[in-house]
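Be aware that the sequence shown starts at 20, since it is given in the working numbering, and climbs by one per residue.
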Amino acid sequence: MATVTFDKATRVYPGSTKPAVDALDIEIADGEFLVLVGPSGCGKSTSLRMLAGLEDVNGGAIRIGDRDVTHLPPKDRDIAMVFQNYALYPHMTVADNMGFALKIAGVNKAEIRQKVEEAAKILDLTEYLDRKPKALSGGQRQRVAMGRAIVREPQVFLMDEPLSNLDAKLRVSTRTQIASLQRRLGITTVYVTHDQVEALTMGDRVAVLKDGLLQQVDTPRNMYDKPANLFVAGFIGSPAMNLIEVPVTDGGVKFGNSVVPVQRDALSATSDKTVTVGVRPEHFDVAGADSDLGVAVTVNVVEELGSDAFVYGTAQVGGEAKDIVVRVGGREVPEKGSELHVVPRGGETHVFSTSTGARLSD
Ligand SMILES: Nc1ncnc2c1ncn2[C@@H]1O[C@H](COP(=O)(O)OP(=O)(O)O)[C@@H](O)[C@H]1O
Ligand SMILES: [Mg+2]
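1. Would you call ASP87 buried or exposed, if buried means 16 or more other Cβ atoms sit within 10 Å of its Cβ?
2. Ligand 1 and GLY72: does the residue's C-beta get closer than 7 Å to at least one heavy atom of that ligand?
3. Considering only C-alpha positions, which residue in the set GLY325, GLU354, GLY348 and GLY297 is nearest to VAL316?
4. With 8 Å as the threshold, decide whether the Cβ of ASN77 is near any Cβ in chain D.
5. Which residue marks the beginning of the alpha helix (DSSP H) containing THR65, and which one marks its end?
6. The alpha helix (DSSP H) with ALA252 in it runs from where to where?
7. What do you reckon, are the CB atoms on LEU177 and MET100 nearer than 8 Å?
8. From the DSSP output, in three-state form, read off ARG80 for me.
9. Which partner residues does MET117 have in the DSSP bridge list?
10. With three or more C-beta pairs closer than 8 Å as the rule, is the segment 146-164 touching the segment 66-79?
11. Using alpha carbons as the reference points, say which of SER374, GLY356 and ASP327 lies closest to GLY348.
12. With DSSP run on the structure shown, which of helix, strand or coil describes HIS360?
13. With a threshold of 16 other CB atoms inside 10 Å of the CB of LEU144, please say whether the residue is buried or exposed.
14. In angstroms, rounded to a whole number, what distance separates the CA positions of ALA198 and SER380?
15. Express the C-alpha separation of THR268 and GLY275 in angstroms, rounding to a whole number.
16. Give me every residue whose Cβ sits closer than 5 Å to any heavy atom of ligand 1, in chain order.
17. Taking C-beta to C-beta, are VAL384 and THR207 nearer than 8 Å?
18. Please classify LYS341: does DSSP put it in a helix, a strand, or coil?
19. Is it the case that the CB of ASP179 approaches a heavy atom of ligand 2 more closely than 7 Å?
20. Enumerate in chain order the residues of its own chain whose CB-to-CB distance from ASP230 is below 7 Å, with the five nearest sequence positions on each side excluded.
21. So LEU262 is in the beta strand (DSSP E); what residue range does that whole segment cover?
22. Count the other C-beta atoms from every protein chain shown that fall within 10 angstroms of the C-beta of GLU180, then say buried if there are 16 or more, exposed otherwise.
23. According to DSSP, simplified to helix, strand and coil, what is GLN196?
24. To which residues does DSSP link LEU1 through a beta bridge?
25. Note down, in chain order, each residue of its chain lying with its Cβ closer than 7 Å to the Cβ of LEU142, except the 5 sequence neighbours on either side.
26. Within the continuous alpha helix (DSSP H) that includes VAL135, where are the two ends?
27. What does a CB cutoff of less than 7 Å around LEU185 pick up in its chain, not counting 5 residues either side in sequence?
28. Identify whether LEU379 lies in helix, strand or coil by the three-state DSSP scheme.
29. Going by other Cβ atoms of all chains shown within 10 Å of its Cβ, with 16 needed for buried, is HIS360 buried or exposed?
30. Considering only residues of the same chain and omitting the five flanking positions on each side of LEU107, which have a CB-CB separation below 7 Å?
31. From the DSSP secondary-structure annotation, give me the bridge partner or partners of PHE371.
32. Roughly how far, in whole angstroms, is the beta-carbon of SER277 from the beta-carbon of GLY307, given that I think they are within contact range, below 8 Å?
33. What are the start and end residues of the beta strand (DSSP E) that includes TYR243?
34. To the nearest whole angstrom, what separates the beta carbons of LEU53 and VAL209, a pair I think is in contact under 8 Å?
35. Which residues in the same chain as THR65 place their Cβ atom closer than 7 Å to its Cβ, once the five residues preceding and following it in sequence are excluded?
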């Protein structure tokens with residue numbers, strides 16, 4: 020087991036001037052499950068491949084434990100990688116697929132068999148050891164790919180979107196299996212996904228990337244409660260946080276007829292006349308129809324989920340029509356075309372600088 024350190028690690032692809040990964044700085048603890056998340060093209064795979072030794076590092080360093088591995092070949096890094104497409108050998112049985120790396124490393128047959136059987140037991144693959152990959156379901160193939168990594172007992176697991184070939188339901192159950200397996204084995208893991216739900220549910224900590232730049236590294240809870248900037252605020256959470264530009268007034272910011280309190284320090288940190296207020300859909304209180312509190316939202320669409328519902332509406336804020344999403348209880352669903360008065364719940368609002376995107380509220 021080992022820590023993993025990205026120390027201002029930078030990758031500039033040949034022919035490009037802009038780094039695909041720009042001075043990435045993350046320290047991953049021994050045994051930690053760290054998820055790298057961000058939209059397509061933000062540099063997740065490049066970061067993982069730099070750690071794996073599959074991509075040159077053009078600046079900074081990468082360490083596994085105390086070892087500087089920046090320029091070591093992949094085979095000397097003591098890592099095992101699980102790819103999106105599994106990359107199983109079609110002509111080999113499950114057992115041979117799982118034991119292949121050990122065979123190449125010259126481990127004797129009996130020991131390989133023992134390790135493969137142990138891993139198969141953990142992964143519920145024992146009865147499939149003699150099958151070929153084509154006779155397996157997608158979920159079973161995914162587990163074989165995991166098994167191949169496990170038998171090597173590496174210091175670090177690297178996984179690049181390992182669930183993206185599974186259907187939605189299987190993805191949900193498999194993500195729980197991978198997370199609990201990782202906790203049981205205690206092997207430091209760096210996991211890449213574009214799916215923020217996967218990131219929040221699986222990671223001990225989550226690192227959000229955008230355009231090759233690290234935006235925030237934090238626990239899922241902090242990431243959700245205190246997004247560091249507008250990008251993270253909009254990326255983490257579904258439906259996304261409502262982000263609305265509003266004028267700054269005395270002692271706070273005005274949101275319809277409600278004033279969202281903001282500390283003076285935070286507001287004096289910006290010279291902007293407006294700031295962006297963030298409210299998650301579940302952080303509005305619905306006031307009575309004749310209320311003059313908050314803002315009036317005209318209901319355009321209602322998405323019923325049974326337990327609750329999302330109301331997609333329009334409100335007049337600062338003289339402009341803005342789209343607003345509000346979560347309501349499943350038994351309190353408003354009619355399409357009706358009007359709701361919503362008030363941002365105290366202590367559950369976020370304030371960001373409109374110009375820089377930085378978080379102003381604490
Ligand atoms: N081999 C390559 N050569 C040149 N540019 C690349 C190469 N691989 C990736 N890129 C570019 O680097 C950026 C990051 O890519 P990648 O790390 O694959 O993103 P992600 O995995 O987050 O979708 C993208 O702009 C992509 O086009
Ligand atoms: Mg990728």
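Note that beta-carbon positions come from the ideal geometry of N, C-alpha and C, so glycine has one too. All values derive from a computational prediction rather than experimental measurement.
From the atom records:
1. The count along the sequence shown starts at 1 and reaches residue 87 at position 68. Answer is exposed; the Cβ neighbour count stays below 16.
2. Taking the sequence shown and counting its residues from 1, one reaches residue 72 at position 53. Result no, Cβ not under 7 Å from ligand 1.
3. Looking up residue 316 in the sequence shown gives position 297. If we check each option's Cα against that of VAL316, GLU354 comes out closest.
4. In the displayed structure, chain D is absent; only one protein chain is listed.
5. As a position in the sequence shown, residue 65 is number 46, starting the count at 1. It spans 63-71 - the alpha helix (DSSP H) in which THR65 sits, taken as one unbroken run.
6. Counted from its first residue, the sequence shown places residue 252 at position 233. Element bounds for ALA252: 249-254.
7. One-based indexing of the sequence shown puts residue 177 at position 158. One-based indexing of the sequence shown puts residue 100 at position 81. Yes, Cβ-Cβ distance for LEU177 and MET100 is below 8 Å.
8. Residue 80 sits at position 61 when you count from the first residue of the sequence shown. Correcting the residue type first, residue 80 is Ala in the shown sequence and not Arg. DSSP places ALA80 in strand when its eight states are reduced to three.
9. For this step, residue 117 is matched to residue 98 along the sequence shown. Answer by DSSP bridge pairing: none, since MET117 is not bridged.
10. no
11. Working through the sequence shown from its first residue, we reach residue 348 at position 329. Measuring from the Cα of GLY348, the nearest candidate turns out to be ASP327.
12. The residue labelled residue 360 in the question sits at position 341 within the sequence shown. Note: HIS360 maps to strand in three-state DSSP.
13. If you number the sequence shown from 1, residue 144 lands on position 125. With 16 or more Cβ atoms within 10 Å of its Cβ, LEU144 is classed as buried.
14. Working through the sequence shown from its first residue, we reach residue 198 at position 179. Working through the sequence shown from its first residue, we reach residue 380 at position 361. Approximately 33 Å, taken between the alpha carbons.
15. Here residue 275 corresponds to residue number 256 of the sequence shown, with the count starting at 1. Here residue 268 corresponds to residue number 249 of the sequence shown, with the count starting at 1. Using only the alpha carbons, I get a separation of about 12 Å.
16. TYR32, ALA39, SER59, GLY60, CYS61, GLY62, LYS63, SER64 and THR65
17. This structure leaves residue 384 out entirely; the chain is present only between 20 and 381.
18. Your numbering for residue 341 matches position 322 in the sequence shown. Three-state result, LYS341: strand.
19. The count along the sequence shown starts at 1 and reaches residue 179 at position 160. Indeed, a heavy atom of ligand 2 lies less than 7 Å from the Cβ.
20. Along the sequence shown, read from residue 1 onward, the residue named residue 230 stands at position 211. Result list for ASP230: CYS61, in chain order.
21. Residue mapping note: residue 262 aligns to position 243 of the sequence shown, counting from 1. Residues 261-268.
22. Position 161 of the sequence shown, counted from the first residue, corresponds to residue 180. Its Cβ being crowded by 16 or more others within 10 Å, GLU180 is buried.
23. Here residue 196 corresponds to residue number 177 of the sequence shown, with the count starting at 1. Looking at GLN196 - three-state DSSP - the assignment turns out to be helix.
24. Limits of the chain in this structure are 20 at one end and 381 at the other, which puts residue 1 out of reach.
25. Stepping through the sequence shown from its first residue, residue 142 is reached at position 123. Closer than 7 Å at Cβ, skipping near neighbours: ARG162, MET165 and GLY166.
26. Position 116 of the sequence shown, counted from the first residue, corresponds to residue 135. VAL135 -> alpha helix (DSSP H) spans 128-142.
27. Counted from its first residue, the sequence shown places residue 185 at position 166. Cβ within range, chain order: GLY157, GLY158, GLN161 and THR193.
28. Your numbering for residue 379 matches position 360 in the sequence shown. Coil at LEU379, not helix or strand.
29. Against the sequence shown, residue 360 aligns to sequence position 341. Under this definition HIS360 is a buried residue.
30. As a working mapping, residue 107 is identified with position 88 in the sequence shown. Cβ within range, chain order: ASN116, PRO152, ARG160, VAL163 and ALA164.
31. Working through the sequence shown from its first residue, we reach residue 371 at position 352. Looking at the DSSP assignment, PHE371 forms a beta bridge with THR295 and ARG378.
32. The residue you call residue 277 lines up with position 258 of the sequence shown. The residue you call residue 307 lines up with position 288 of the sequence shown. Between GLY307 and SER277 the Cβ distance is about 15 Å, and since that is not below 8 Å, they are no contact.
33. By one-based count along the sequence shown, residue 243 stands at place 224. First-last for TYR243: 239-244, but that is the alpha helix (DSSP H), not the beta strand (DSSP E).
34. For the purposes of this step, residue 53 is taken as residue 34 along the sequence shown, with counting starting at 1. For the purposes of this step, residue 209 is taken as residue 190 along the sequence shown, with counting starting at 1. Correct: roughly 5 Å between the Cβ atoms.
35. As a first step, residue 65 must be located in the sequence shown, where it is residue number 46. The residues are ARG30, ALA39, VAL40 and GLU74.
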